[in-house]
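Residue numbers (this note's numbering): 131 to 328. Don't be surprised by glycine CBs; every beta carbon is placed ideally from N, CA and C.
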Ligand SMILES: C[S@@+](CC[C@H](N)C(=O)[O-])C[C@H]1O[C@@H](n2cnc3c(N)ncnc32)[C@H](O)[C@@H]1O
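Structure below.
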C-alpha cells in the first residue's frame, strides 16, 4: 500500500539516514554498469529517479569526467519532486568529476546535444515511442569504442515483457554498428564497433 505523501516520508527518512535510495536495478546489473563505466569521461544517464545509478556512475567515472543526469522529475501532489531531492543528495555523496542535472525530457536534450558520449545509460521511458526516441536520438553521439547500457532490454522470468525489450530485439540488436559486450538480468551492454555509413 502507498500512503499519501509516501515519497515525502521516504525523502525525510533518507535525510535522516533511515531510508535508502530506491532503484529497480539488480546488484548484478550495478556491478556490470560499474565495470564498464569505470574511467569513462563523458557520461549520460537517461532516467535518474533516486540517483542510485547516478551515484554509482560518479563513483567509477574518470576523476575529471562529466555525467549528465537527465530526468524531468515530474512534481507530485505537493508540487515537489522528492525523487529529485533524494537524487541530488545521493549524487552529492561522491566528490568526483561533475554531475549536471537536466530536467528536460531526454529527446529535448538530445536535440541540442553536440559532444561525443563515451558511456550512455538508457533507463528512462520504456514505452516503444520512448525507447525509440532515445535510441534514434542518442546513438549518433557514441564514438567507436563507446558504450550504451540499456536497462529493461531483456526478458526476465516472472516479469512482463516490456516494449523496450521488443524494440531491443527488433531494432537495436540487429544494428550493425553495435555489438553486445555484456548482458545480465534485464541489462544489455553494447559497444559501437563501426561508424555510421555516410
Ligand atoms: C527506472 S527509473 C530510473 C532509475 C535509475 N536509472 C536507477 O539506476 O535507479 C525511470 C526514470 O525515468 C524518468 N523518465 C521518464 N521519461 C523520461 C524521459 N523522457 N527523459 C528522461 N527521463 C525520463 C522517470 O521520471 C523516472 O525517474
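The beta carbons of residue 311 and residue 303 sit about 13 Å from each other, so the pair does not count as a contact at 8 Å.
Residue environment analysis places residue 199 among the buried positions, since at least 16 neighbouring C-beta atoms fall within 10 angstroms of its C-beta. Put simply, the residues with a CB less than 7 Å from any heavy atom of ligand 1 are 153, 154, 155, 175, 176, 177, 178, 179, 180, 182, 183, 200, 201, 202, 203, 204, 213, 235, 236, 237, 251, 253, 254, 255, 260, 281, in chain order. The criterion of a C-beta distance shorter than 8 Å is satisfied by residue 224 and residue 189.
In chain order, 285 place their CB closer than 6 Å to the CB of residue 291, counting only its own chain and leaving out the 5 sequence neighbours on each side. Per DSSP, residue 212 is not a residue of any beta strand (DSSP E); the alpha helix (DSSP H) it occupies stretches across 212-222.
By the CB criterion at 8 Å, residue 163 and residue 251 fall inside the cutoff. Assigned with DSSP and collapsed to three states, residue 322 falls in strand. Looking only at 294, 317, 138, the smallest Cα-Cα distance to residue 214 is reached by 138. Excluding its 5 nearest sequence neighbours in each direction, residue 216 has C-beta neighbours in its own chain below 6 Å: 141, 144, 151, 180, listed in chain order.
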